[in-house]
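Working notes, beginning with the structure itself.
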Amino acid sequence: MSVATSIDPKQVHEIIGRHQLADGYDMVLDLDKSHGPWLHDAGRGEDFLDCFTCFASWPLGYNHPGLEDPDFERELLRAAKCNPSNADLYSREMAAFVESFASHVTPKGFDHHFWIAGGSLAVENAIKTAFDWKARRLGRTDFNDNVNDLVVAHFQYAFHGRSGYTMSMTNTLPDKVGLFPKFEWPRISSPGIEYDLDGNITNDVASLEAKAIEELEAFHARSENGGNKIAAVLIEPIQCEGGDRHFRPEFMQGLRSFCDKADALMCLDEVQTGFFGSGKPWMWQHHGVTPDVVAFGKKAQVCGIYAGPKVDEVKENVFVRSSRINSTWGSNLVDMVRSRRFIELIVENDYAANTAARGEQILAGLRRIAKDTGAFTNPRGVGSLLAVDYADGDERNAAIGRCYEERLLTLPCGPRSLRLRIPLNLTEQEADEVLNRVESAAKP
């Protein structure tokens, strides 16, 4: 018996709570007995149907058979016995991961990659890439040049993380960033789509989009007259934490046009939406708009950014000049090995297509439940990323509690939304069970 397995599950929360804030779920994850989408609670001895997936970071459920491959297990153990600084010490294991990611996950035309641990720091380095690029475009190449007039345009309801730069753009719940000093960068109104129960758009989203573009244009006009200058426009293709707010392709195209006009980089935060979560490798591929820099993490296991040719308009960009962006560990070798195996399994089993199909199945079911019960509105989603709205936050929180009683794990987002984050390998039968439990919990 190991040190960990010798601990009584009933003691887990008490032990952890003695040394840190222990405000997580009132369950104890059993790493051995959890399987597929079923999270086993060692305390209760019960299985929960997991539509939480560790905040959309665990892509293929628990104990996928493909992770029991002996070669993979040996490689994983070998990597776990050492924690090299991958930014400076390269290994065969790292090379295998980089080649797999660049070949099967990164779209063609994006030749630059940077790896780091943590989604916030992925976004932060996307922003640093843009700042360096814009400064050099303005002829500021001396490292002592003043660049404090460079800013990032971002959007209401955005969540980009809790680190230094990202806190200045995160604006969901105030407890995430309140009482921490922040930059006052331009915050643009967010033209999210609202849907009826048949999937039709019900709000005047075109007018909202026009307003957002006008706000960007007005800020840019001031910059032309000596004001602050936009280095990047940063947006999540779906504003997940902010309420699973979706955007039309037309709006994303408008942002692309603005960035080209303003000589700014179009940066996307795909930390939650990327790595096949939408049924495609990247959510931006649904919009038909090519960004300049994309931040990723969560399901990918490894966080970081990839960038396209616009960055190369500056010769000594951050992907060329040593030490401009870096970290000690450059992500984590164990995560790289696991990520490469996930990529293999996703490609071999065509889990991207499965994700798209299960998303359509659950979305259709959510619309039916909404019509039958009237419990919620605005069902929406793509692939593994699904959500509904309740009348207010209290009703939403009560619904999450009822889902928990049905042994279904869900998540809140925004002021009154409930979101589901399903595994990419969820089966048709398991998706039906998700809907059964949502329906049982729909009303008190």
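Residue numbering for the sequence shown is 41 to 484, as defined by the numbering used here. C-beta atoms are modelled at their ideal positions from N, C-alpha and C, and glycine is treated no differently. Predicted, not measured: the structure shown is a model, and the values here were computed from it.
Collapsing the DSSP output to three states places residue 303 in coil. Around the Cβ of residue 56, a 10 Å sphere holds fewer than 16 other Cβ atoms; the residue is exposed.
Inclusion of residue 191 and residue 268 in the CB contact set at 9 Å is warranted, their separation being smaller than that value. Between residue 463 and residue 76, the C-beta spacing is below 9 Å.
Annotation for residue 337: 159, 162, 311 and 343 place their beta carbon closer than 6 Å to its own, counting only its chain and skipping 5 residues before and after. Apart from sequence neighbours up to five positions away, the residues of its chain that approach residue 243 with a beta-carbon distance below 6 Å are 234, ordered along the chain.
Under DSSP, residue 477 forms no beta bridge with any residue. With contacts defined by Cβ atoms closer than 9 Å, residue 211 and residue 197 form a contacting pair. Contact between the stretch 256 to 273 and the stretch 290 to 305 is established, with three or more Cβ pairs separated by less than 8 Å. Burial state of residue 280 is buried, judged by a 10 Å Cβ sphere holding 16 or more other Cβ atoms. When DSSP states are grouped into helix, strand and coil, residue 138 belongs to the helix group.
Separation of the CB atoms of residue 199 and residue 227 is rounded to 13 Å, and the pair is thereby denied contact status at 8 Å.
The stretch 166 to 226 contains, as complete beta strand (DSSP E) runs of 3+ residues, the segments 190 to 195 (chain order). Taking a C-beta distance under 9 Å as the contact criterion, residue 156 and residue 379 do not qualify as a contact pair. Its chain contains 131 and 373 as the residues whose beta carbon lies nearer than 7 Å to that of residue 124, once the 5 sequence neighbours on both sides are disregarded; these appear in chain order. Under the DSSP definition of a beta bridge, residue 346 partners with 153 and 334. Counting C-beta pairs with one atom in each stretch, the stretch 308 to 324 and the stretch 415 to 428 have three or more that are closer than 8 Å, which means they touch. Per DSSP, residue 359 is not a residue of any beta strand (DSSP E), being assigned neither H nor E. Bridge pairing for residue 88: 79 [DSSP]. For residue 78, the CB contacts under 6 Å within the same chain, skipping 5 residues up- and downstream, are 87 in chain order. Judged by DSSP in its simplified three-state form, residue 286 adopts strand. Within the model, the alpha-carbon separation for residue 51 versus residue 292 is close to 50 Å.
Nearest to residue 83 by C-alpha distance, out of 90, 49, 396 and 93, is 49. In the structure shown, residue 235 adopts extended strand secondary structure according to DSSP, grouped into three states. At a Cβ-Cβ threshold of 9 Å, residue 449 and residue 89 count as neighbours.
The C-beta separation of residue 165 from residue 365 comes to about 5 Å, placing the pair in contact by the 8 Å criterion. Beta-bridge partners of residue 452 (DSSP): 458. In this structure, the beta-carbon distance from residue 133 to residue 428 does not fall below 9 Å.
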